[in-house]
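Quick notes on the structure that follows.
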Amino acid sequence: MNKTDLINAYFEGSLSETDKKKFESLLETDAEFRQAFHFEKELQTALKKEKRKQTKEFLKTLGDKEKTPRSKKLSFVPWLAAASIAILMGFGTWWFYFSSTEVNTDMLYVQYYSPYENVIHPIERSDQITDLQSRAFSAYDMGDYESAVELFEELRTKRNEPYISFYNAIVLMQLDQHEKAIVLLEEYISLNGELKDRAQWYLALSYLKTKRISDAKDQLDELIAQDGFMLKKAKELRRELE
Amino acid sequence: MSEGDVIFQLKKGDRDTLKKIYLEHKREFFKFANRFHLKDMDLEDIYQDAMIALMENAQKGKMDDLGCSIKTYLFSIGKYMAYNHARNKSKTYHTKDDYVFDKHEYETMDSILENESLSFYQKKIVDGLKKMGNKCREILTLFYYSGLTIEEIMSAQGYENKNTVKSQKSRCLKSLKELIKKENE
Numbered sequence: 341m342n343k344t345d346l347i348n349a350y351f352e353g354s355l356s357e358t359d360k361k362k363f364e365s366l367l368e369t370d371a372e373f374r375q376a377f378h379f380e381k382e383l384q385t386a387l388k389k390e391k392r393k394q395t396k397e398f399l400k401t402l403g404d405k406e407k408t409p410r411s412k413k414l415s416f417v418p419w420l421a422a423a424s425i426a427i428l429m430g431f432g433t434w435w436f437y438f439s440s441t442e443v444n445t446d447m448l449y450v451q452y453y454s455p456y457e458n459v460i461h462p463i464e465r466s467d468q469i470t471d472l473q474s475r476a477f478s479a480y481d482m483g484d485y486e487s488a489v490e491l492f493e494e495l496r497t498k499r500n501e502p503y504i505s506f507y508n509a510i511v512l513m514q515l516d517q518h519e520k521a522i523v524l525l526e527e528y529i530s531l532n533g534e535l536k537d538r539a540q541w542y543l544a545l546s547y548l549k550t551k552r553i554s555d556a557k558d559q560l561d562e563l564i565a566q567d568g569f570m571l572k573k574a575k576e577l578r579r580e581l582e
Numbered sequence: 796m797s798e799g800d801v802i803f804q805l806k807k808g809d810r811d812t813l814k815k816i817y818l819e820h821k822r823e824f825f826k827f828a829n830r831f832h833l834k835d836m837d838l839e840d841i842y843q844d845a846m847i848a849l850m851e852n853a854q855k856g857k858m859d860d861l862g863c864s865i866k867t868y869l870f871s872i873g874k875y876m877a878y879n880h881a882r883n884k885s886k887t888y889h890t891k892d893d894y895v896f897d898k899h900e901y902e903t904m905d906s907i908l909e910n911e912s913l914s915f916y917q918k919k920i921v922d923g924l925k926k927m928g929n930k931c932r933e934i935l936t937l938f939y940y941s942g943l944t945i946e947e948i949m950s951a952q953g954y955e956n957k958n959t960v961k962s963q964k965s966r967c968l969k970s971l972k973e974l975i976k977k978e979n980e
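From first to last, the protein sequence lines stand for chains A and B.
Residues 341 to 582 (the working numbering) make up the first sequence, in order.
Residues 796 to 980 (the working numbering) make up the second sequence, in order.
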């Protein structure tokens, strides 16, 4: 085990007794090791505190009564439930009951789709746009996709940054507006955005949902050729489409 | 949704689920916590902290084999926090209905109660993170915050090789350090 692996194992909680001793002695004797470890520990604490702060701020906005009317249940919700059940049961067994001789694009879509998780919002710039941006992302985080779609579309006209199109597209997919999502994703990919591989994966799924199977296959092939993000799932789905 | 599904969503930090639990039990929690004679404002604060502890404990897998309802667990956390708040720590406050916490659960709750804000350096780290690309924020958060292992990140993101994840993470750490250093200059 090299030094990086030792530190990783510490954070994973998987240090064996022998490794633990090695880890402790390095902490005492090796300044570089100590520094590297302390930085990662600070990063962990910083993330935890930041996340607590964000959660608390979110909870503070919740009153006894809802301030904003609850968005009506999306037709998407039962699909999501089905998708999580599929994840819990394992794809194999679940698929078995539903498989038919024809490719069922809807079923495959449900099986493979889950919304992109927004982790921490990107840095904000001017005040007015900041506000719009944080409202858009918080609607996205809260799963209020109907408000999110309006906010992202407004944001897109004010700030022409590619990642906004990416999130906008995911929201459209959630709302089952795949034609619009496809336009945005294709544009994002052509601009070589940072999340290009993620966008390709979602584009393949939108193609699938609109029964453009050969386009979906092409996207998957490109993704597979890059040998990175979603490689395994892309290969699996590609096989299902044959 | 079954309680198992709710716990699964909590682990993911799903805001809809947080909101649902928060609103569902709020009134009853206030009634239940009446005995501590705290101000409503403080109770609100305690209830929110209890929700944060609930989420963090779920993420640490503490709720995987929960022998009671989510509500009982949440109220036990809230009760511990209310006692602490009222500086009324009596050793015999446990009743047989309370959930028995382990060492790690106490650590989580105590650290939330301390409510330390970000240090100067930690603030710099967060600022640096916000300037990073999505991919770096994603991988660093999954590993250091969500507590996923390299292997879990590999399968969640569909990579076929652990080394890809490891080297990506190393690159991100390096550029985060550089960002912070540049800020300091």
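The beta carbon of each residue, even a glycine, is placed where N, CA and C say it ideally should be.
{"query": "Specify, as a first and last residue, the run of the alpha helix (DSSP H) that A371 (chain A) falls within.", "result": "371-400"}
{"query": "Thinking C-alpha only, which one of B:Y842, B:S864, B:E902 is nearest K855 (chain B)?", "result": "B:E902"}
{"query": "Drop a sphere of 10 angstroms on the beta-carbon of M949 (chain B), count the other beta-carbons inside from all chains shown, and report buried for 16 or more, exposed for fewer.", "result": "buried"}
{"query": "Which residues mark the beginning and the end of the alpha helix (DSSP H) in which N444 (chain A) is found?", "result": "Note, N444 (chain A): premise wrong, no alpha helix (DSSP H); not H, not E."}
{"query": "Counting along the chain, where does the alpha helix (DSSP H) carrying E519 (chain A) start and finish?", "result": "518-530"}
{"query": "What's the C-alpha gap between I564 (chain A) and C967 (chain B)?", "result": "24 Å"}
{"query": "K381 (chain A): which of B:E909, B:Y939, B:D859, B:K834 sits nearest, CA to CA?", "result": "B:Y939"}
{"query": "If you compare alpha carbons, which of A:L577, A:M513, A:L383, A:A371 is closest to I920 (chain B)?", "result": "A:L383"}
{"query": "Any residues in the stretch 806-818 of chain B with a beta carbon nearer than 9 Å to a beta carbon of chain A? Which ones, in chain order?", "result": "K807, G808, D809, R810, D811, L813, K814, Y817, L818"}
{"query": "Just checking: is the beta-carbon of K388 (chain A) within a distance shorter than 8 Å of some beta-carbon in chain B?", "result": "yes"}
{"query": "Let's see if you can read the secondary structure: which residues bound the alpha helix (DSSP H) around R552 (chain A)?", "result": "R552 (chain A) -> no alpha helix (DSSP H), and no H or E assigned at all."}
{"query": "Cutting at 7 Å between CB atoms, please list the residues of its own chain near D837 (chain B), excluding the five before and the five after it.", "result": "H880"}
{"query": "State buried or exposed for E900 (chain B), treating a residue as buried only when at least 16 other CB atoms are found within 10 Å of its CB.", "result": "buried"}
{"query": "Does any residue of chain B bring its CB to less than 8 Å from the CB of A371 (chain A)?", "result": "no"}
{"query": "What do you reckon, are the CB atoms on E534 (chain A) and N929 (chain B) nearer than 8 Å?", "result": "yes"}
{"query": "Compute the Euclidean distance between the alpha carbons of H378 (chain A) and D516 (chain A), then round it to the nearest angstrom.", "result": "46 Å"}
{"query": "So, helix, strand or coil for W541 (chain A), using DSSP?", "result": "helix"}
{"query": "For chain B, find out if any of its Cβ atoms is closer than 8 Å to the Cβ of N301 (chain A); answer yes or no.", "result": "With chain A covering 341 to 582 only, the question about residue 301 (chain A) has no answer from this structure."}
{"query": "If you drop the 5 nearest sequence neighbours on each side, which residues of the same chain put their C-beta closer than 8 Å to that of R496 (chain A)?", "result": "I504, S505, N508"}
{"query": "With DSSP run on the structure shown, which of helix, strand or coil describes L355 (chain A)?", "result": "coil"}
{"query": "Give the single residue among A:Y485, A:D484, A:L491 whose Cα lies nearest to the Cα of A476 (chain A).", "result": "A:L491"}
{"query": "According to DSSP, is S970 (chain B) part of a helix, a strand, or is it coil?", "result": "helix"}
{"query": "Report the residue from B:Y954, B:L937, B:K961, B:L924 whose alpha carbon sits nearest the alpha carbon of K976 (chain B).", "result": "B:L924"}
{"query": "Kindly list, in the order they appear in chain B, the residues whose Cβ is closer than 9 Å to that of E534 (chain A).", "result": "G928, N929, K930"}
{"query": "Which runs of the alpha helix (DSSP H) fall wholly inside the stretch 867-922 of chain B and span at least 4 residues, in chain order?", "result": "898-909"}
{"query": "How big is the Cα-Cα spacing for E357 (chain A) and E486 (chain A)?", "result": "52 Å"}
{"query": "Under 8 Å between beta-carbons, which chain B residues line up against E380 (chain A)? List them in chain order, please.", "result": "Y939, L968"}
{"query": "Could you tell me whether any Cβ in chain B is nearer than 8 Å to the Cβ of L383 (chain A)?", "result": "yes"}
{"query": "Since K972 (chain B) meets chain A, which of its residues come closer than 9 Å, beta carbon to beta carbon?", "result": "F379"}
{"query": "Do we get a CB-CB distance below 8 Å when we pair D481 (chain A) with the residues of chain B?", "result": "yes"}
{"query": "I want to see whether chain A comes within less than 8 Å of K886 (chain B), judged by CB atoms only; does it?", "result": "Bear in mind that a pLDDT of 46 at K886 (chain B), under 50, signals an unreliable position, so the number given afterwards is only what the model happens to contain. Not closer than 8 Å to any Cβ of chain A, the Cβ of K886 (chain B) fails to qualify, so no."}
{"query": "On the premise that Y842 (chain B) lies in contact with Y868 (chain B), defined as a C-beta separation below 8 Å, what is that separation, rounded to the nearest angstrom?", "result": "Not a contact, Cβ separation roughly 14 Å."}
{"query": "Would you say N500 (chain A) faces chain B, with C-beta separation under 8 Å as the test?", "result": "no"}
{"query": "Quick check on the burial criterion: 16 or more other C-beta atoms within 10 angstroms. Buried or exposed for H820 (chain B)?", "result": "buried"}
{"query": "Please confirm whether K395 (chain A) and I945 (chain B) have their CB atoms less than 8 Å apart.", "result": "For the record, residue 395 (chain A) in the displayed sequence is Thr; it is not Lys. Against a cut-off of 8 Å, the Cβ pair of I945 (chain B) and T395 (chain A) comes out as no contact."}
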